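Below is one structure, written out as structure tokens; comments come after it.
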Amino acid sequence: MLTRPATTKEKLMRTAMDIVAGDGFAAATTAHIAERAGFAEGTLYRHFKSKDELLIAAYRQLKADVFDRVSAETGNATDPKARLAALWRDMWTVYAADMSAFIFGQRFAESALSKAEGGAAHERMIGHIRGIIEDGQKAGLVRQAPPETLVAFFFPPLVAMLKQRVQGRAWSEAEIEAAIEMAWASWTG
84 MLTRPATTKE KLMRTAMDIV AGDGFAAATT AHIAERAGFA EGTLYRHFKS
134 KDELLIAAYR QLKADVFDRV SAETGNATDP KARLAALWRD MWTVYAADMS
184 AFIFGQRFAE SALSKAEGGA AHERMIGHIR GIIEDGQKAG LVRQAPPETL
234 VAFFFPPLVA MLKQRVQGRA WSEAEIEAAI EMAWASWTG
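By the count of the working numbering, the sequence shown reaches residue 272 at its end, each step adding exactly one.
Rendered as structure tokens:
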């Protein structure tokens with residue numbers, strides 16, 4: 084399948100993500116981003132008003148891309164456990180295949196820029212997870228606790244395992260399945 088070439092704006096966002104993932108926010112100067120992407124610094128400013136605007140746009144695009152990829156697999160299933168498992172697995176697969184995107188997302192979420200972003204990029208994913216929880220509660224499968232509380236038990240094992248993967252830890256299929264089972268058990272136990 085042929086895909087279209089990345090636009091200048093997309094190249095700049097991806098380059099910024101890769102620089103932040105590899106070397107941190109301090110290394111992501113507009114000059115460095117533009118040079119590494121193969122453009123003049125003025126080109127960056129034709130697309131973004133500032134480095135902060137570029138990094139926020141990159142984060143929002145990352146979250147939108149991940150959401151679009153994983154929600155397609157989990158939205159049509161009727162069984163809440165199967166939906167949780169598919170969502171968890173798909174998020175694992177997407178981020179494990181692009182560790183720079185994962186690292187960028189983590190660094191962004193822990194930065195002052197995340198307050199400027201306001202969480203909008205993350206809200207669609209949270210809404211999707213809440214939908215699974217609420218459907219599970221209606222079916223009597225998921226404990227009657229505030230969905231926000233239950234959402235908090237979805238991400239930590241996934242993030243912890245991905246962080247360990249960054250450090251070189253390989254996870255077996257059985258361990259991934261066990262983590263998915265534990266995520267489900269945290270909602271039902």
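The beta-carbon is built from N, C-alpha and C at its ideal position, and this holds for glycine as well. Just so you know, these numbers come straight off a predicted model, no measurement behind them.
- Taking 9 Å as the cut-off, the beta carbon of ALA141 is found closer than this to the beta carbon of ARG97.
- DSSP places ASP101 inside the alpha helix (DSSP H), whose first and last residues are 91 to 106.
- Counting only runs of 4+ residues, the alpha helix (DSSP H) found wholly inside the stretch 127 to 172 occupies 134 to 157, in chain order.
- Assigned with DSSP and collapsed to three states, ASP181 falls in coil, not helix or strand.
- Counting other Cβ atoms within 10 Å of its Cβ, GLY219 reaches 16 or more and is therefore classed as buried.
- Apart from sequence neighbours up to five positions away, the residues of its chain that approach ILE102 with a beta-carbon distance below 7 Å are ALA110, ALA111, HIS115, ILE116 and ARG119, ordered along the chain.
- Take PHE131, set aside five residues on each side of it, and the residues of its chain with a beta-carbon closer than 6 Å to its own are LEU137, in chain order.
- Between the stretch 178 to 188 and the stretch 142 to 149, the count of Cβ pairs shorter than 8 Å is three or higher; the stretches touch.
- Ranking ALA268, SER269, TRP270 and ILE259 by CA distance to the CA of MET174 puts ILE259 first.
- Only residues of its own chain outside the window of five on either side were considered, and among them TRP171, MET174 and TRP175 have a CB closer than 7 Å to the CB of LEU241, listed in chain order.
- The Cβ atoms of VAL149 and ALA169 lie no closer than 9 Å to each other.
- Annotation for ALA203: the continuous alpha helix (DSSP H) segment containing it runs 203 to 221.
- In its own chain, leaving out the 5 sequence neighbours on each side, no residue places its CB closer than 6 Å to the CB of LYS221.
- Straight-line spacing of the CA atoms in ARG166 and GLY105 works out to 33 Å.
- Looking only at GLY125, SER133, GLU124 and GLU206, the smallest Cα-Cα distance to LYS146 is reached by GLU206.
- Non-local C-beta neighbours of ILE216 in its own chain, meaning closer than 8 Å and more than five positions away in sequence, comprise PRO163, VAL225, PRO230, LEU233, VAL234 and TRP270, ordered along the chain.
- Across the set GLY121, LYS198 and ARG213, the C-alpha of GLY121 shows the shortest separation from the C-alpha of ALA89.
- Under the DSSP assignment, TRP270 falls in the alpha helix (DSSP H) whose first and last residues are 256 to 271.
- One alpha carbon belongs to MET208, the other to TRP254, and they sit about 24 Å apart.
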